[in-house]
Amino acid sequence: MRTLCSSTLIGEFFVIGFAGLVAMKDDSLAMSTVWWVCGVAMLFSVLLCGMVTRPGGVQLGWALQIGLVLSGFVVPTMFFLGAVFAGLWWASVHYGRRIDEVKARWAAAEAAQGSAGPDAA
Numbered sequence: 006m007r008t009l010c011s012s013t014l015i016g017e018f019f020v021i022g023f024a025g026l027v028a029m030k031d032d033s034l035a036m037s038t039v040w041w042v043c044g045v046a047m048l049f050s051v052l053l054c055g056m057v058t059r060p061g062g063v064q065l066g067w068a069l070q071i072g073l074v075l076s077g078f079v080v081p082t083m084f085f086l087g088a089v090f091a092g093l094w095w096a097s098v099h100y101g102r103r104i105d106e107v108k109a110r111w112a113a114a115e116a117a118q119g120s121a122g123p124d125a126a
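Residue numbers (the working numbering): 6 to 126.
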């Protein structure tokens with residue numbers, strides 16, 4: 006799960022940064038507001054990469070996704086991006102856990118084969 010979720014968070018980091026550059030072209034938004042919203046979201050997405058496997062890490066990821074959707078009240082583009090990111094986060098958590106289960110089964114099968122010893126064949 007760690008790899009899939011961290012990859013999603015790093016992808017969010019870059020997309021939010023590029024979205025901030027695009028949002029700065031909007032005359033109705035102050036540049037400081039755009040960078041405040043985008044900068045905080047980018048910082049949290051990078052920090053969360055190291056915390057995703059710790060207790061509460063997935064829940065903090067959900068809090069980030071909700072925050073991204075709610076940031077659409079400040080930067081309207083973030084409504085769409087936040088919804089897309091929430092869907093990606095769900096997929097990362099869901100499929101990441103499934104991948105972890107498969108890896109655990111493979112490791113258990115290899116350990117069982119290894120404990121039988123080379124003379125067992």
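Note that beta-carbon positions come from the ideal geometry of N, C-alpha and C, so glycine has one too. Remember, it's a predicted structure, so these values are computed and weren't measured experimentally.
Pick from the options that is closest to residue i, judged by C-alpha positions
i, options, result
"Val89", "Leu73, Gly101, Tyr100", "Leu73"
"Cys43", "Val27, Gly55, Asp32", "Val27"
"Gly22", "Thr8, Met6, Leu34, Val45", "Val45"
"Leu14", "Leu34, Ser33, Gly87", "Gly87"
"Leu34", "His99, Ala116, Gly101, Thr82", "Thr82"
Cβ-based neighbour list, residue i, same chain, cut-off 7 angstroms, excluding 5 preceding and 5 following
i, result
"Gly66", "Cys10, Leu53, Val57, Trp94"
"Val39", "Gly25, Ala28, Met29, Val80"
"Arg7", "Val57, Thr58"
Residue range of the unbroken alpha helix (DSSP H) whose run includes residue i
i, result
"Thr38", "36-54"
"Phe19", "7-28"
"Gly62", "62-75"
Spatial neighbours of residue i in its chain, beta-carbon cut-off 6 angstroms, leaving aside the 5 residues before and after
i, result
"Gln70", "Phe90, Ala91, Trp94"
Chain-order list of residues whose beta-carbon lies under 8 angstroms from that of residue i (same chain, five-residue window excluded)
i, result
"Val51", "Leu14, Ile15, Phe18"
Does the stretch 22-41 come close enough to the stretch 103-112 that 3 or more CB-CB pairs lie under 8 angstroms?
no
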